[in-house]
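Just so we're aligned, residue 335 is where the sequence shown starts under this note's numbering, counting upward by one. Just so you know, even glycine gets a beta-carbon here, dropped at the ideal spot from N, CA and C. Quick caveat: nothing in here was measured; it's all calculated off a predicted structure. Below is one structure, written out as structure tokens; the observations come after it.
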Amino acid sequence: MDLNKVMLIGRLTQDPEVRTTPNGTPVVNFGLATGRVWTDQAGQKQEKTEFSNIVAWRRLAEICGQYLRKGSKIYLEGRLETRTWDDQS
């Protein structure tokens with residue numbers, strides 16, 4: 335059995351952008367910054383921030399667009415999906 339589940343707590347890096355697909359399905363995109371802090375072997379505090387692109391669909395997309403703004407701190411659960419595209423230039 336395999337498992338693809340992710341849990342993140344972070345802050346939105348931009349306002350959610352709600353759109354509608356050609357068949358009328360709402361979809362939202364926004365960036366999420368998550369950070370971690372640790373102490374290295376020399377005793378120095380280190381910080382690292384990861385940036386993720388988040389996509390939500392249907393009613394959840396509408397709720398995100400209504401209540402979330404840049405800087406909002408959120409908890410989310412979902413799955414990881416790698417998206418690729420071909421650059422036509």
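Going along the chain, which residues of its own chain have a beta-carbon closer than 8 Å to the beta-carbon of Q380, five neighbours each way excluded? What you label residue 380 is simply residue 46 of the sequence shown in a count that begins at 1. For Q380, where only same-chain residues beyond five positions count, the Cβ hits under 8 Å are V371, W372, T373, D374.
Which residues does DSSP pair with L366 in a beta bridge? On the sequence shown, position 32 is the one that residue 366 refers to. L346, S386, per the DSSP bridge assignment.
Classification of I343 by the beta-carbon crowding that lies within 10 angstroms, buried from 16 upward: By 1-based counting over the sequence shown, the position of residue 343 is 9. Classification of I343: exposed, given that the 10 Å Cβ count is below 16.
Helix, strand or coil for G358? Go by DSSP, reduced to three states. Within the sequence shown, residue 358 is the residue found at index 24, counting from 1. DSSP places G358 in coil when its eight states are reduced to three.
How many Å lie between N363 and A376 at the Cα? Counting from one through the sequence shown, the residue named residue 363 turns up at place 29. Counting from one through the sequence shown, the residue named residue 376 turns up at place 42. If I take the Cα positions, the gap works out to 40 Å.
What number of angstroms, rounded off, separates the C-alpha of E415 from the C-alpha of V389? As a first step, residue 415 must be located in the sequence shown, where it is residue number 81. As a first step, residue 389 must be located in the sequence shown, where it is residue number 55. Cα to Cα, the separation comes out at about 10 Å.
Here's a check: name, in chain order, each residue in its chain whose Cβ is nearer than 6 Å to the Cβ of Y409, leaving out the five neighbours to either side. Looking up residue 409 in the sequence shown gives position 75. Around Y409: I343.
In this structure, how does DSSP classify G377 when only helix, strand and coil are distinguished? Start at 1 with the first residue of the sequence shown, and residue 377 comes out as number 43. G377: coil per DSSP, three-state reduction.
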